[in-house]
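Structure first, then comments.
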Amino acid sequence: MELSDVQADITEVLLTEQQIHDKIAELARRVEADYAGQRPLLVGVLKGAVMVMADVARELKMHVDIDFMAVSSYGMSTESSGVVRILKDLDADLSGRHVIIVEDIIDSGLTLAWLKANLASRGPASLEILALLRKPDAAKVDVDVKYFGFDIPNAFVVGYGLDYAERYRNLRGVAVLAPHVYA
Ligand code: IMP
1060 MELSDVQADI
1070 TEVLLTEQQI
1080 HDKIAELARR
1090 VEADYAGQRP
1100 LLVGVLKGAV
1110 MVMADVAREL
1120 KMHVDIDFMA
1130 VSSYGMSTES
1140 SGVVRILKDL
1150 DADLSGRHVI
1160 IVEDIIDSGL
1170 TLAWLKANLA
1180 SRGPASLEIL
1190 ALLRKPDAAK
1200 VDVDVKYFGF
1210 DIPNAFVVGY
1220 GLDYAERYRN
1230 LRGVAVLAPH
1240 VYA
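Residue numbers for the sequence shown follow my numbering, so the first one is 1060 and each next one is one higher.
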């Protein structure tokens, strides 16, 4: 679905499909260089990371493995508590693997901090993070993101995997959700 199809629900277009595509190509070139001769394992968190995963994986001119995890945060749905429960674990064994966590957005960074610690305990040869979007608060948490795409303002955004009440994930771009939608 195009951003123009939901024009009444958004206040500002942050990223077009083309901008996202160009940035992902740029990040993929860096991953190819950094992992030359390796076969990294891309780990995505459902469901938000599905679009980034699909595009990053297809952009990479190398063999990769893909795996997904589903997690849920306890507590309020609008704010991350940092307490995470695994709903679906990975199929892959991480020991000795070069793992790249593929994320859609880092807001508080709490989910990612938890995930990184969890995966690190499984004995990977290396563990890095690729995230398409980063909000200002993410800077407060000490999670080292090796590959990241765009810094965005502190607004609720939808599209390209990101939802509001499960809607808008299938938008090709990223936009700020209009307040009247959640009022
Ligand atoms: P964190 O633990 O606060 O970094 O939360 C990260 C998760 O919250 C992301 O993976 C998204 O699923 C969700 N999230 C954070 N900000 C937004 C947003 O602006 N729109 C949609 N989902 C968001």
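Heads up, the beta-carbon is just placed ideally off N, CA and C, and yes, glycines get one too.
query                                                                                                      : result
C-alpha gap between residue 1116 and residue 1123, whole angstroms                                         : 7 Å
Straight-line Cα distance separating residue 1171 from residue 1202                                        : 8 Å
Backbone CA spacing between residue 1221 and residue 1106 [nearest angstrom]                               : 8 Å
Proximity test, residue 1071 beta-carbon vs the ligand FMN heavy atom, cut-off 7 Å                         : The ligand content of the structure shown is limited to the ligand IMP, which means the ligand FMN is not among them.
Supposed contact pair residue 1211 and residue 1194 - C-beta distance, whole angstroms, cut 8 Å            : 6 Å
Counted within 10 angstroms of its Cβ, other Cβ atoms place residue 1175 as buried (16 or more) or exposed : buried
Helix, strand or coil at residue 1199 [DSSP, three-state]                                                  : helix
C-beta atoms of residue 1099 and residue 1159 nearer than 8 Å                                              : yes
CA-to-CA distance, residue 1078 to residue 1072, given in whole angstroms                                  : 11 Å
Whole beta strand (DSSP E) elements within the segment 1138–1183, 3-residue minimum                        : 1143–1147 and 1157–1165
Beta-carbon separation (whole angstroms), residue 1112 vs residue 1119, contact threshold 8 Å              : Not quite, the Cβ-Cβ distance comes to about 11 Å (not below 8 Å), so this is no contact.
Selected residue, minimal CA-CA separation from residue 1182, among 1205, 1151, 1066 and 1162              : 1151
Pick from 1104, 1229, 1236 and 1070 that is closest to residue 1162, judged by C-alpha positions           : 1104
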